[in-house]
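Visitor:
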Amino acid sequence: MDPFLAKARHLDETDELREYRSVFFHGEEELVYFDGNSLGRLAVENIARINDLVGQEWGGRLIRSWNDSWYGLSLNLGNKVAGLLGAEQGSTLFSESTSTNLYKLAWSALRHQKGRSKIISDTLNFPTDLYILQGIAKEMNAGHNIQLVGSRDGIYPDLDEMENLIDENTALLTLSLVTFKSGYLYDMEKINRLAHDHGALVLWDLSHAAGAVEIDLASTSADLAVGCSYKYLNGGPGSPAFLYVKPDLIRKLENPIQGWFGHHDPFAFDLGYSGADDIRRFAVGSPPILSLAAVEAGLDTILEAGMPEIRRKSIALSGFLMEMAAGKLDKYGVELASPQDPHRRGSHVSLRHPEAWRICQALIHPPKNRKPIMPDFRAPDNVRVGLCPLYNTFGEVLYFIQSLEEVLLNKEYLAFSAERPDVT
Ligand SMILES: *Cc1c(COP(=O)(O)O)cnc(C)c1O
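Its first residue numbered 36, the sequence shown is counted upward by one per residue in my numbering.
So this is what it looks like as structure tokens:
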């Protein structure tokens with residue numbers, strides 16, 4: 036037997052998380068789904084949950100449902116996700132999107148850090164984060180300058196450059212804990228310490244990290260964080276994002292969007308704004324209850340499975356993928372575009388090839404005798420493989436590498452157009 040096949044079988048048979056695959060909906064049983072880091076799978080429980088929410092809670096109970104269960108949902112789910120982030124109870128809230136939360140927290144941090152003008156991020160960051168920072172700098176018109184730490188290889192940020200950039204004029208560092216393309220994982224504790232030594236605050240974007248790696252916001256003294264819930268948390272398309280503010284910073288910071296849900300007593304209908312003293316200070320308006328409620332099943336599943344076990348399997352999956360890729364794909368010009376060191380890697384692996392877009396098309400639309408595989412394409416040359424320990428298997432990783440080998444050997448990608456749709 037092929038040693039890789041034997042290994043995949045053994046790892047799947049002894050996988051402690053194998054039961055969790057059936058928690059999720061598998062519409063096409065044969066589809067190999069490696070896009071859970073972009074849009075996680077649907078938890079089956081959500082079909083009945085959302086049906087009930089629409090039919091009973093909205094249709095039947097109408098406005099009474101706000102007091103029955105809806106009003107406290109943002110905070111209750113915030114406390115649930117806090118359990119995955121190593122965050123204190125009462126420090127985390129669901130509201131709006133990652134981009135909007137990033138705006139609120141970056142703005143409030145820069146206001147708090149008046150007199151300091153440097154903002155540091157990196158060239159590996161997700162562009163929306165940089166756009167938001169650029170917009171705030173323009174809006175504040177206070178001479179902020181944004182400095183981006185570079186990367187020599189598109190995989191690792193240049194940490195020496197970062198150390199040189201941070202100084203007493205630095206207001207804020209904002210970084211993705213796991214970078215969206217290469218999957219590089221920052222050392223949160225080290226960066227927090229480096230920033231704090233110079234009086235700077237750190238705002239972490241946990242979008243590609245929550246549910247993928249172990250995070251300890253409280254014990255690493257993190258200041259601020261945001262993150263989305265539709266990736267590894269399986270919350271559904273456009274599900275609300277979370278935000279975290281270190282408890283002793285909450286009352287020192289101001290929310291730039293002063294909506295009534297951030298008021299200390301929204302239903303007093305005071306004519307003047309006075310922010311809440313707790314994390315609700317960073318809320319804005321009525322939350323999207325249908326989307327918000329769908330987040331719970333995914334969170335419960337991850338809490339039950341446990342992050343240590345999820346992380347252990349994630350490293351085993353990505354390690355297996357890299358081991359197979361090195362042996363079988365090197366000769367076709369495929370290069371690893373993610374860190375080798377598992378401690379510096381999140382739960383997705385990127386492979387580089389000049390024909391990455393057409394290779395993805397060939398995997399998604401295979402010949403009849405092969406199962407479809409859905410990785411992500413990230414411009415210009417990344418095939419990105421999101422590995423979700425709750426539902427991906429070692430057998431799927433094996434199948435992916437074998438299929439990719441066929442695509443490359445037979446140059447199957449030549450049959451596909453280089454044109455790309457709106458969403459890739
Ligand atoms: C996915 C992702 C986002 C998404 O932002 P939205 O406002 O929710 O669309 C932001 N930042 C990072 C790092 C991401 O990975």
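Glycine residues also receive a C-beta, built at the ideal position from the N, C-alpha and C atoms.
1. Any heavy atom of ligand 1 inside 6 Å of the beta-carbon of residue 416?
2. Going by beta carbon distance, what residues of the same chain come within less than 7 Å of residue 227, once the five residues before and after it are set aside?
3. Would a C-beta distance cut-off of 7 Å place residue 352 and residue 432 closer than the cut-off?
4. Taking C-beta to C-beta, are residue 296 and residue 318 nearer than 7 Å?
5. Helix, strand or coil, according to DSSP, for residue 366 in the structure here?
6. Out of 94, 382 and 369, which one is the CA nearest neighbour of residue 391?
7. Taking Cβ to Cβ, would you say residue 448 is nearer than 7 Å to residue 394?
8. Please check if any C-beta of chain C sits within less than 7 Å of the C-beta of residue 87.
9. Rounded to whole angstroms, what is the Cα-Cα separation between residue 361 and residue 345?
10. Assuming contact is defined by CB atoms lying nearer than 7 Å, are residue 203 and residue 179 in contact in what I supplied?
11. For ligand 1, is there a heavy atom less than 6 Å away from the beta-carbon of residue 317?
12. What are the uninterrupted segments assigned as beta strand (DSSP E) that are 3 or more residues long and contained completely in the segment 350-422, given in chain order?
13. Compute the distance between the beta-carbons of residue 107 and residue 129, then report whether it is under 7 Å.
14. Any heavy atom of ligand 1 within a distance shorter than 6 Å of the CB on residue 161?
15. Taking buried to mean at least 16 other C-beta atoms within 10 Å of its own C-beta, is residue 436 buried or exposed?
16. Ligand 1 and residue 134: does any heavy atom of the ligand fall closer than 6 Å to the residue's C-beta?
17. Which residue marks the beginning of the alpha helix (DSSP H) containing residue 283, and which one marks its end?
18. Take the Cβ of residue 223 as the centre, count every other Cβ of all protein chains shown within 10 Å, and call the residue buried at 16 or more, exposed below.
19. Quick one: which unbroken beta strand (DSSP E) runs of 3-plus residues sit fully inside the segment 196-283? Chain order, please.
20. In chain order, what residues of the same chain lie with their CB nearer than 6 Å to the CB of residue 163, ignoring the 5 residues before and after it?
21. Going by DSSP in three states, residue 102 sits in which element: helix, strand or coil?
22. What are the partner residues of residue 179, as DSSP defines its beta bridges?
23. In the DSSP assignment, find the unbroken beta strand (DSSP E) run with residue 324 in it and report its ends.
24. Please state if the CB of residue 213 and the CB of residue 197 are separated by a distance shorter than 7 Å.
25. Using the C-alpha atoms, what's the distance from residue 141 back to residue 173?
26. Could you name the residues that DSSP lists as bridge partners for residue 156?
Guide: The relevant details are as follows:
1. Closer than 6 Å to some heavy atom of ligand 1: that does not describe the Cβ of residue 416.
2. Counting only Cβ-Cβ distances below 7 Å, and skipping sequence neighbours, we find 237, 255, 256 and 257.
3. For residue 352 and residue 432, yes; Cβs fall inside 7 Å.
4. With a cutoff of 7 Å on beta-carbon distance, residue 296 and residue 318 are scored as near each other.
5. Of the three classes helix, strand and coil, the one that applies to residue 366 here is helix, per DSSP.
6. When only C-alpha atoms are compared, the closest one is 369.
7. If you check the CB distance, residue 448 and residue 394 come in under 7 Å.
8. Considering every chain present, this structure includes no chain C. It has just one protein chain.
9. C-alpha separation (whole angstroms): 24 Å.
10. Going by beta carbons, residue 203 and residue 179 fall outside the 7 Å limit.
11. Distances from the CB of residue 317 to the heavy atoms of ligand 1 are all 6 Å or more.
12. Those beta strand (DSSP E) runs which fall completely within the segment 350-422 and span 3+ residues are 383-387, 411-413 and 417-421.
13. In this structure, residue 129 does not lie closer than 7 Å to residue 107 by Cβ.
14. Annotation for residue 161 indicates a beta carbon within 6 Å of some heavy atom of ligand 1.
15. So residue 436 counts as buried.
16. Indeed, a heavy atom of ligand 1 lies less than 6 Å from the Cβ.
17. Note, residue 283: alpha helix (DSSP H), 282-285.
18. Counting Cβ neighbours within 10 Å, residue 223 comes out buried, since at least 16 surround it.
19. Qualifying beta strand (DSSP E) stretches, in chain order: 205-211, 236-240, 259-262 and 277-280.
20. Closer than 6 Å at Cβ, skipping near neighbours: 134.
21. Secondary structure of residue 102 (DSSP, three-state): helix.
22. According to DSSP, which records beta bridges pairwise, residue 179 is partnered with nothing at all.
23. Residue 324 -> not in any beta strand (DSSP E); alpha helix (DSSP H) instead, spanning 324-328.
24. The Cβ atoms of residue 197 and residue 213 do not sit closer than 7 Å to each other.
25. Spanning the two alpha carbons is a distance of roughly 13 Å.
26. Residue pairing from DSSP places residue 156 in a beta bridge opposite 183.
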